[in-house]
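All you need for the working numbering is the position in the sequence shown, starting with 1, plus 15.
Beta carbons are placed, not taken as given, at the ideal position from N, Cα and C, and that holds for glycine.
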Amino acid sequence: MLHPNTKHEKTKIDEYIAKGYTSNYQMYDGKLKDLASDKLFKPNQIKIIKEYRYEGMSNPDDLSILYILETEDGNKGTLLMPYGPTANDEMAWFMKDVSLLDKKKADNRNI
16 MLHPNTKHEK TKIDEYIAKG YTSNYQMYDG KLKDLASDKL FKPNQIKIIK EYRYEGMSNP
76 DDLSILYILE TEDGNKGTLL MPYGPTANDE MAWFMKDVSL LDKKKADNRN I
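Following this line, the structure appears as structure tokens:
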């Protein structure tokens with residue numbers, strides 16, 4: 016069992032599941048797919064609520080980002096994405112587009 020203060024992806028995922036972020040996503044045909052509903056989302060349909068970066072405990076090259084996401088239809092969930100040497104390029108570019116769109120929306124609201 017993990018210590019409550021452990022800096023581990025699973026700890027944060029469980030924390031957000033308890034808050035209602037129950038959907039899981041993966042890349043499919045250039046879009047983000049909700050694994051439960053099979054719905055597909057484009058970058059402009061997704062908002063990044065929070066992100067956490069992790070470094071592997073035994074291997075510092077084992078890097079990942081945990082995204083806490085909401086979709087335009089109210090879906091809430093998590094996406095764990097490897098980055099660094101093990102990155103999924105398609106997913107990285109997709110999430111960069113989501114992030115840039117989020118920033119543009121915030122800039123337009125003068126936040």
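Curious, which full-length beta strand (DSSP E) runs of at least 3 residues does the region 57-112 contain?
-> Counting only runs of 3+ residues, the beta strand (DSSP E) found wholly inside the region 57-112 occupies 61-70, 78-86, 91-98, in chain order.
Bridge-paired residues (DSSP) for K25 = Numbered from its first residue, the sequence shown carries residue 25 at position 10. Its beta-bridge partners do not exist; DSSP assigns none.
Limits of the unbroken beta strand (DSSP E) element including D49 | The residue you call residue 49 lines up with position 34 of the sequence shown. In the DSSP assignment, D49 falls within the unbroken beta strand (DSSP E) covering 46-49.
Can you grab the Cα-Cα spacing for the pair F56 / E70, in whole Å?
-> In the sequence shown, counting from the first residue as 1, residue 56 sits at position 41. In the sequence shown, counting from the first residue as 1, residue 70 sits at position 55. Cα to Cα, F56 sits roughly 28 Å from E70.
List the endpoints of the continuous beta strand (DSSP E) containing S38.
-> In the sequence shown, counting from the first residue as 1, residue 38 sits at position 23. Its beta strand (DSSP E) spans residues 38-43.
Would N125 be called buried (16 or more neighbouring beta carbons within 10 Å of its own) or exposed?
-> If you number the sequence shown from 1, residue 125 lands on position 110. In this predicted model, N125 has a pLDDT of only 45, less than 50, meaning its place in the structure is not dependable; the value taken from the coordinates is given anyway. When all chains shown are included, N125 counts as exposed.
Is Y43 near L84, with beta carbons less than 8 Å apart?
-> What you label residue 43 is simply residue 28 of the sequence shown in a count that begins at 1. What you label residue 84 is simply residue 69 of the sequence shown in a count that begins at 1. Cβ atoms of Y43 and L84: not closer than 8 Å.
In chain order, what residues of the same chain have a beta carbon less than 7 Å from the beta carbon of K27, not counting five sequence neighbours either side?
-> Within the sequence shown, residue 27 is the residue found at index 12, counting from 1. Same-chain partners within the cutoff: Y67, L81.
Rounded distance between the beta-carbons of G92 and Y36, thought under 8 Å | Sequence index remark: in the sequence shown, residue 36 carries index 21 (1-based). Sequence index remark: in the sequence shown, residue 92 carries index 77 (1-based). At roughly 5 Å, the Cβ-Cβ gap stays under 8 Å, so Y36 and G92 are in contact.
Compare the Cα-Cα distances from I64 to each of E87, A107, D104, A51 and report the closest residue.
-> In the sequence shown, the residue the question calls residue 64 occupies position 49. In terms of CA proximity to I64, E87 leads the group E87, A107, D104, A51.
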